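Enquirer: Under full-length UniProt numbering, the first residue of the sequence shown is numbered 1, with each subsequent residue one higher. For every residue, glycine included, the Cβ atom is placed at its ideal position computed from N, Cα and C. Values in this document were obtained by computation on a predicted structure and should not be read as measured data.
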Amino acid sequence: MILGQKIAIPSVDKRHQIPAYYALPDHKPKGVIVVIPEIFGLNSGIRWRVDRWAKAGYFAIAADLFWKIAPEVELDPDLPEEMQQAMIYYQKLENEAALATVEAAIQYARSKQPDCKIATVGYCLGGFLSFILAARKKVDAAVCYYGVDIDQHLSEIKADHPPLLLHFGDHDNFVSEQAIKTIRSAFAEQKQALLYIYPEAGHGFATEKGKRRAEKSAELADQRSLDFIERNL
Numbered sequence: 001m002i003l004g005q006k007i008a009i010p011s012v013d014k015r016h017q018i019p020a021y022y023a024l025p026d027h028k029p030k031g032v033i034v035v036i037p038e039i040f041g042l043n044s045g046i047r048w049r050v051d052r053w054a055k056a057g058y059f060a061i062a063a064d065l066f067w068k069i070a071p072e073v074e075l076d077p078d079l080p081e082e083m084q085q086a087m088i089y090y091q092k093l094e095n096e097a098a099l100a101t102v103e104a105a106i107q108y109a110r111s112k113q114p115d116c117k118i119a120t121v122g123y124c125l126g127g128f129l130s131f132i133l134a135a136r137k138k139v140d141a142a143v144c145y146y147g148v149d150i151d152q153h154l155s156e157i158k159a160d161h162p163p164l165l166l167h168f169g170d171h172d173n174f175v176s177e178q179a180i181k182t183i184r185s186a187f188a189e190q191k192q193a194l195l196y197i198y199p200e201a202g203h204g205f206a207t208e209k210g211k212r213r214a215e216k217s218a219e220l221a222d223q224r225s226l227d228f229i230e231r232n233l
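Listed below in structure tokens is the structure:
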């Protein structure tokens with residue numbers, strides 16, 4: 001793997017530069033993975049995820065969702081004051097602006113790997129954005145870890161959507177049990193959508209480190225994500 005590094009990528013309108021982090025495999029990429037962060041910036045956990053996808057053989061990139069609000073901020077969800085700050089930034093971030101940032105990463109990846117299929121892998125807010133990008137058919141496949149508000153946007157996705165994988169913990173304090181039931185019901189008859197629920201796992205259970213991580217659930221979800229990507233890219 002070529003060592004991951006911080007870069008700047010052009011915005012969709014080419015008028016701005018967006019902080020990003022990317023990594024390359026040692027050989028021709030099997031595909032592109034656009035990692036979509038939570039609400040904590042391009043912190044070490046997100047960079048590790050990018051590096052991990054590169055080690056698995058993919059061109060991997062993540063863009064800074066907060067580049068207009070607090071560029072290059074890195075926050076730790078285990079610290080209450082930093083969690084509070086993240087929530088403040090999240091309230092200031094409009095969904096369409098966040099989607100445009102991810103689309104900038106997709107465009108950049110396409111410019112570098114024009115022959116590759118592209119998947120998004122998102123966490124929390126990123127999981128929601130990954131879902132919306134699949135609904136809008138902007139990607140070839142999408143993985144959503146504990147995506148918030150998906151249940152409120154199910155009408156946006158059509159029956160012929162790209163392959164979709166959703167992970168939820170059954171003790172999630174940001175995604176209710178009813179929300180998960182609604183999502184599961186919506187995709188019950190769709191073969192191209194997979195939904196898994198992880199017992200005793202809370203929000204952020206697949207974080208790379210910290211108090212939120214649920215080791216067994218995280219390992220299982222990550223293996224399922226890898227298998228899903230390998231099948232669909």
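1. By alpha-carbon positions, which one of Phe-187, Asn-173, Ser-176 ends up nearest to His-161?
2. Starting from Ile-61, follow the beta strand (DSSP E) in both directions and report where the run begins and ends.
3. Ile-88 by DSSP, collapsed to three states: which one?
4. Please state the DSSP three-state secondary structure of Glu-94.
5. Following a CB-centred definition, is Ala-62 positioned closer than 7 Å to any heavy atom of the ligand ZN?
6. If distances are taken between C-alpha atoms only, which option among Gly-45, Ile-61, Ile-9 comes closest to Pro-25?
7. With distance defined between alpha-carbon atoms, name the residue in Thr-207, Ile-229, Lys-211 nearest to Glu-219.
8. Start and end of the beta strand (DSSP E) containing Thr-120?
9. By the three-class DSSP mapping on this structure, what secondary structure does Asp-51 have?
10. Taking only the alpha-carbon atoms, compute the straight-line gap between Asp-51 and Glu-215 and give it to the nearest angstrom.
11. State buried or exposed for Gly-45, treating a residue as buried only when at least 16 other CB atoms are found within 10 Å of its CB.
12. Following the continuous alpha helix (DSSP H) through Gln-190, name the residue where it begins and the one where it ends.
13. Apart from the five residues on each side of it in sequence, which residues of its chain come closer than 6 Å, Cβ to Cβ, to Glu-156?
14. Quick one: using the 10 Å Cβ neighbour count with 16 as the cut-off for buried, is Asp-78 buried or exposed?
15. For Ile-197, which residues does DSSP report across the bridge?
16. Leu-220 lies in the alpha helix (DSSP H); which residues open and close that run?
17. Does DSSP put Pro-10 in a helix, in a strand, or in coil?
Expert: Walking through what the data contain:
1. With distances taken between CA atoms, His-161 lies nearest to Phe-187 out of Phe-187, Asn-173, Ser-176.
2. Element bounds for Ile-61: 59-63.
3. Helix, per DSSP.
4. Three-state DSSP puts Glu-94 in coil, outside helix and strand.
5. Inclusion of the ligand ZN in the displayed structure is not the case, the ligand content being empty and no account of it being possible.
6. It is Ile-61 whose Cα lies nearest to the Cα of Pro-25.
7. Taking only the C-alpha atoms, the option nearest Glu-219 is Thr-207.
8. First-last of the beta strand (DSSP E) with Thr-120: 118-123.
9. Asp-51: helix per DSSP, three-state reduction.
10. Cα-Cα distance, rounded: 19 Å.
11. Classification of Gly-45: buried, given that the 10 Å Cβ count is 16 or more.
12. Here Gln-190 belongs to no alpha helix (DSSP H), and DSSP marks it neither H nor E.
13. These residues qualify, in order along the chain: Ala-135.
14. Classification for Asp-78: exposed.
15. For Ile-197, the pairing in a beta bridge is given by DSSP as Phe-168.
16. For Leu-220, the enclosing alpha helix (DSSP H) covers residues 215-232.
17. In the structure shown, Pro-10 sits in a strand (DSSP, three-state: E or B).
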